[in-house]
Amino acid sequence: MAPKRDKGKSKEVTKRSGPYDPNYEQYLNDHDTWFASADDGTKPDNYDYTIQRLEVPSSPDLLTELSDQHKDFIKKNDTGSQETLFDSVIPTIQGPSDGLYARNRRFYNMRLGDTISDAQPDYYEGVHPKDIHAEVKRTLSKRIIPTNARGTKDPAAPNYFFEAKAPNQYTEDARMQAGIAGVLGARGLHSLQNYCKGTKKPVYDGNAYTFSVTYVKFELTIYATYLTAPSQDIDRPQYTVTEINQYWLKNKSLFLEGVTACRNLRNLAREFREKFVNEANERVKKPTRQTRSTHATGDLPDLSEEDHPSTEGPTNLGTDLGPDSNDGMSSRESSAFESWTSRLRGRRRRGAAPDELPRKKPGRKGRG
């Protein structure tokens with residue numbers, strides 16, 4: 001008599017794609033997530049405002065202090081570990097952490113799907129969970145609470161992320177990690193922006209409210225992540241991770257510019273997340289006539305939705321939440337979206353391994 005088959009062990013195990021996979025960026029492209037550069041003209045609608053905020057000058061006293069620290073900053077970069085960078089280098093770049101932050105938490109509650117590995121940012125900032133209305137937290141848990149294990153202590157609705165690599169690690173890995181964290185953050189803030197709106201279609205304003213920073217071998221790079229509305233050809237929201245600037249911190253003047261930009265970026269990200277949390281809190285206190293969705297976890301589609309359909313019915317954001325007739329995407333915006341989507345899809349894929357990527361010239365990138 002043949003032994004009974006163990007059904008529990010017969011299940012097919014699906015390998016989950018992650019930032020260290022050589023085809024990870026292509027995988028994200030296949031699931032409507034794109035990496036772009038402001039130099040190519042792919043920018044969020046609030047790009048100019050973001051740049052203006054990054055360029056707000058630091059105080060003369062702070063600039064003098066930073067200028068005096070530059071030589072020591074360069075020496076501290078000669079380290080073999082990521083931990084040392086976060087202990088002695090990153091604080092100089094982004095300033096003191098006066099808000100709620102966490103490090104190396106696995107985002108197992110804020111997942112992008114079954115076929116993609118959970119994000120685990122080196123560093124991130126968000127609001128305190130107690131500052132979010134209980135009903136908002138309950139409904140949007142899968143979008144704004146990274147981990148339930150520390151759901152009352154760790155930052156919620158994160159939208160500022162920092163990834164750093166030691167000198168012997170790859171820039172491309174940091175870029176992928178920062179990108180996927182940015183997608184999670186943008187998705188969360190978009191849920192807050194649309195929560196309890198009482199309208200028929202989702203708001204896609206083309207603005208970036210989530211930012212990621214990478215630091216590898218003196219290169220400080222800033223990314224902005226935003227969503228674009230579905231089009232006639234693509235029925236899902238598109239995520240775009242745009243590189244908006246880069247600074248070579250071995251150069252003193254660019255060091256001062258980059259540090260100033262990073263610190264200003266943190267302030268801007270904090271303003272955005274607090275704004276959307278406060279507005280969502282107010283709306284839940286004054287509910288609209290439209291019934292609030294109880295399926296917010298499915299409003300924004302997982303990247304792996306095509307392979308793992310939701311059991312809760314349609315998961316397109318337009319099902320429950322969105323803007324009124326004045327907030328919808330105009331024909332001009334739709335046309336622009338289709339244009340850049342076609343251009344991005346036609347762009348030649350980079351096939352080089354991380355250590356074969358073309359080296360960027362030191363200095364600040366043009367702003368397009």
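The sequence shown finishes on residue 368 if you use my numbering, and the numbering steps up by one all the way, no holes. Where is the CB? At the ideal position from N, CA and C, for every residue including glycine.
- In this structure, DSSP gives Phe162 an extended state, which the three-state scheme calls strand.
- DSSP, reduced to helix, strand and coil, places Asn264 within a helical segment of the structure shown.
- With a cut-off of 8 Å on Cβ pairs, the segment 197 to 204 is not in contact with the segment 38 to 46, counting fewer than three such pairs.
- Leaving aside the five residues that flank Gln69 on each side, the residues in its chain whose CB is nearer than 8 Å to its CB run, in chain order, Thr92.
- Counting C-beta pairs with one atom in each stretch, the segment 79 to 92 and the segment 221 to 241 have fewer than three that are closer than 8 Å, which means they do not touch.
- With respect to the 7 Å criterion, Asn148 and Leu189 are not classified as neighbours on the basis of their beta carbons.
- Counting C-beta pairs closer than 8 Å gives three or more between the segment 267 to 281 and the segment 121 to 133, which meets the contact rule.
- Residue pairing for Tyr101: DSSP places it in a beta bridge opposite Glu125.
- Thr225 is a Cβ neighbour of Val183, given a cutoff of 7 Å.
- When the beta-carbon positions are compared, Gly179 and Pro155 stay at least 7 Å from each other.
- Nearest in C-alpha terms to Thr115, of all of Ala166, Tyr209 and Leu28, is Leu28.
- Judged by DSSP secondary structure, Ala224 falls within the beta strand (DSSP E) whose first and last residues are Glu219 to Thr228.
- DSSP, read as helix, strand or coil, puts Ser37 in strand.
- Note that the C-beta distance between Phe162 and Tyr209 is not below 7 Å.
- Setting aside the 5 residues that flank it on each side, Tyr215 is surrounded in the same chain by Ala164, each with a C-beta closer than 6 Å to its C-beta; the list follows chain order.
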